[in-house]
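Heads up, the thing below is written out as structure tokens.
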Amino acid sequence: MREKLREMGYVVSHSIHRDRFLKNLDVCVRFRGAIVAESCFTDDGDSAYCHHVKVEPEFRRRGIATAMYQYAESIFLKKLENHWHDDPETQSPEAMAFWAQPHRPFGPSE
């Protein structure tokens, strides 16, 4: 999916930070030099999950967030889990809809 974004003119970069217990992945997507999306994922050894993902409104519904999730799964070598479980205090309506997709290409199969 990262290659697909590149074909569409996006530049994808990442950084990985490790400590004794966690592996954190920050992903940044740029278009014509401007940041259009960014996200932060964590692998705590037992599971991997997203802390936040932000896609600028005019770049939504283009597969960017999905590509970032799939990229994180390829780095962590495991499926991402939805740790926030539809909690409206920690998960936006957009995030709930994102995870509610019946055939989403990331995360555990429903």
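The numbering of the sequence shown is UniProt numbering, which starts it at 1 and goes up by one.
For each residue, glycine too, the CB sits at the ideal point set by N, CA and C.
| Asked | Found |
| --- | --- |
| Which term fits A95, buried or exposed, when burial requires 16 or more other beta carbons within 10 angstroms of its beta carbon? | buried |
| Assign S92 to one of two classes, buried (16 or more other C-beta atoms within 10 Å of its C-beta) or exposed (fewer than that). | exposed |
| Applying the 10 Å Cβ sphere with the 16-neighbour rule, what's the burial state of T90? | exposed |
| Could you check whether R2 and Y71 sit closer than 8 Å to each other, using their CB atoms as the reference points? | yes |
| Please look up how many angstroms separate the CB atoms of H83 and Y49, rounded, as I've assumed it's under 8 Å. | 4 Å |
| Are P105 and K79 touching if we call contact CB-CB under 8 Å? | no |
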